[in-house]
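Working notes for the structure below.
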Amino acid sequence: MNKLTCLLAACWLLSASAAMANQQSWQSWVAEVRKQALDQGISAELFDEAFADIREPSRQVKSLARSQPEHRLTFTKYLNTRADNYRIAMGKKNYTKNKAILDEVAAQFGVDPCFIVSFWGMETSYGTYMGNFPVIKSLATLAYDSNRPDFFRKQLFLALHIVNDGHVSLNHFKGEWAGASGQPQFLPSSWVEYAVDYDGDGRKDIWESKPDVFASIANYMKKNGWQTGQPWAIRVKLPAKFDYTLEGKSIVKPVSEWNALGVRTEKGEPLPYQELEASIVQPHGGPVFLAFPNYKMILRYNNSIYYAGAIGYMADKICNRVQ
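All the letters of the sequence shown, read from the start, carry residue numbers -21 to -1, 1 to 302 under mature numbering (1 follows the signal peptide of the UniProt record, and there is no 0).
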C-alpha cells in the first residue's frame, strides 16, 4: 500500500470515526431526553413512536436555522408578496363564510374579527398551508443543535405533552421548520398559553377546528394587550425638520406630543386620538405610521414592523375600511 493510499485510508477512518461519534452523541442525547420525558409523564410508547424514524437531526432544519436572508425587501414588495390582492380577496370570502363564529368569538374576547382573519390568512393562508415539517423532529433537531438548545428542549417536551394528552396525532403534528404549527402557527409554549377548546370537544385543536383556531388567535390578541375600539395605526406626514432619532417602535410618546412636534395626518390635519400613546414607525420603502398600542400587540405575534404593517393593512382591506 503506497503512502497516498494509506493517507486516504486514514482520512476515511477518521471521518467514519467522527461520524460514529456524532451518531452516538445523538443517540445518547435522545436517551437522555427519553428519560426526562418519561419522568414528566410522557408514555414510553408515544416517545418511542415519535422518535422511531428520527435516526439523526434534520439536515434541512439545521440548514434553514443557519441560513440568512440574501436581501432586504422594501415594505411595498413585502405587502405585494404577503398581503396581495388574492389573499385579501380570500380573506373577505373566508370572513363572510365564517362570519357568525368569528363575530361571536371576537365579541367574547373583546377583539376585532377582521384582525383574527388577517392573522389567520397571514400565517397559513386561512388554514390551507400549515407546513410539512414533523414538529417533533424539528424541535429535537433544534434542541440538539442550535444556539438556543434550552428553549427548544422546553418546546420539545411541551410538544410531546400536546400529543400525549390527545390534542393532535403524531401524523398530523406538522408545521414550519422551527416548530410552529396549526392554523395560527403556534409554538408549543404559545399553544399552552393561548390555545382554547372553544367547541368543547376536550381538545384544543388549532389544526382542524375553526372555532378553536379563531378563539386561540383572539385569546392571544387579548392577553397580549389588544385594546377594544382603538385603531392599530394611521399613516402620517413628518415635518421637514423632523428629528429621526425619534423614529422607532421603542420610542413612545403621547399623540398630543407628536402633534406638537409637527406630525400631521396624510391630509395635513392635526392628529386624532390625542389621548393615546404612539410611536413613529417607518418601514423601509413604506409609509410613515403613527403606531398605537394595538400595533405593539401585533408585534408580540411577530416582532417585525413589516409584519405588523401587513397585518393591519390586510385587516382593513378585508373589512373595507378606509386607510
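Don't be surprised by glycine CBs; every beta carbon is placed ideally from N, CA and C.
Contacting residues, own chain, Cβ-Cβ under 7 Å from residue i (five flanking each side not counted)
i: Asp296; result: Checking the displayed sequence, the identity of residue 296 turns out to be Lys instead of Asp. Counting only Cβ-Cβ distances below 7 Å, and skipping sequence neighbours, we find Ile67.
i: Met(-2); result: Model confidence at Met(-2) stands at a pLDDT of 45, short of 50, so the residue's coordinates are unreliable; what they give is reported in the following sentence. Result list for Met(-2): empty, nothing under 7 Å.
i: Gly110; result: Lys153, Gly154, Glu155 and Ser160
i: Ile284; result: Lys228, Val260 and Pro262
i: Ser37; result: Lys116, Ser117 and Thr120
As assigned by DSSP and simplified to three states, the class of residue i
i: Phe165; result: strand
i: Phe268; result: strand
i: Ser125; result: coil
i: Val215; result: strand
i: Ala62; result: coil
i: Phe26; result: helix
i: Ala(-1); result: No answer about Ala(-1) holds up, because its pLDDT of 43 lies below 50 and its placement is not dependable.
i: Lys153; result: strand
i: residue 304; result: It is not possible to answer for residue 304, since the shown part of the chain is limited to -21 through 302.
i: Ala257; result: strand
i: Arg243; result: strand
i: Ser160; result: strand
i: Pro92; result: helix
i: Trp99; result: helix
Cβ-based neighbour list, residue i, same chain, cut-off 6 Å, excluding 5 preceding and 5 following
i: Ser160; result: Val114 and Gly154
i: Gln253; result: Val234 and Ser235
i: Glu100; result: The question names Glu, but residue 100 is Gly in the sequence shown. Closer than 6 Å at Cβ, skipping near neighbours: Arg66 and Gly70.
i: Ala174; result: Lys183, Ile185 and Ser195
i: Ala294; result: Cys93, Phe94 and Ser97
i: Ala62; result: Ala289, Tyr292 and Met293
i: Thr207; result: Gly89
i: Leu43; result: Trp156
i: Ala122; result: Pro128, Phe131, Arg132 and Leu135
Top-ranked residue by Cα proximity to residue i, from the options
i: Asp176; options: Ala23, Phe193, Ile290 and Phe165; result: Phe193
i: Pro266; options: Glu256, Lys275, Ala289 and Tyr252; result: Ala289
i: Gly204; options: Phe112, Asp91 and Pro218; result: Asp91
i: Leu135; options: Asp63, Arg279, Val12 and Gly264; result: Val12
i: Arg243; options: Ala257, Ala270, Arg214 and Lys220; result: Arg214
i: Asn59; options: Lys220, Tyr280 and Gly264; result: Gly264
i: Glu245; options: Lys216, Leu166 and Ala257; result: Lys216
i: Ala138; options: Pro190, Glu35, Leu25 and Val40; result: Leu25
i: Val260; options: Lys41, Phe54 and Gln6; result: Phe54
i: Phe112; options: Leu149, Arg132 and Gly145; result: Leu149
i: Lys41; options: Ala79, Ala62, Ser117 and Tyr105; result: Ser117
i: Gly181; options: Ala79, Gly145 and Leu240; result: Gly145
i: Ile33; options: Glu172, Gln6 and Leu255; result: Gln6
i: Lys201; options: Pro210, Pro251 and Asn273; result: Asn273
i: Gly247; options: Pro218, Ala287, Glu226 and Lys232; result: Pro218
i: Val171; options: Asn198, Gly179, His151 and Arg51; result: Asn198
i: Ala287; options: Phe221, Gly241, Leu225 and Trp211; result: Trp211
i: Glu35; options: Leu240, Arg45, Asn64 and Ser4; result: Ser4
Residue i, buried or exposed, once every other Cβ within 10 Å from all chains shown has been counted against 16
i: Ala85; result: buried
i: Gln19; result: exposed
i: Gly89; result: exposed
i: Ser258; result: buried
i: Glu187; result: exposed
i: Ile141; result: buried
i: Val147; result: buried
i: Arg300; result: exposed
i: Asp124; result: buried
i: Asn126; result: exposed
i: Pro190; result: buried
i: Ile230; result: exposed
i: Tyr223; result: exposed
i: Arg51; result: exposed
Same chain, Cβ closer than 8 Å to residue i, neighbours up to 5 away in sequence not counted
i: Phe30; result: Val9, Arg13, Ile115 and Ala119
i: Thr107; result: none
i: Ser22; result: Asn143
i: Tyr74; result: Leu81, Pro92, Cys93, Val96, Ile297 and Cys298
i: Ala16; result: Phe26, Phe136 and Leu139
i: Glu102; result: Gln162, Pro163 and Gln164
i: Lys56; result: Gly264
i: Asn238; result: Pro249, Leu250 and Gln253
i: Gln209; result: Tyr252, Leu255, Phe271, Pro272 and Asn273
Cβ-heavy atom distance, residue i to the ligand HEM, below 7 Å
i: Thr107; result: The ligand HEM is absent from the structure shown, which contains no ligand whatsoever.
Beta carbon proximity, residue i to chain C, threshold 8 Å
i: Gly89; result: Checking the listed chains, one finds no chain C in this structure; it contains a single protein chain.
Segments assigned beta strand (DSSP E), at least 3 residues, entirely inside the region 175 to 232: Here the runs fully enclosed are 212 to 216.
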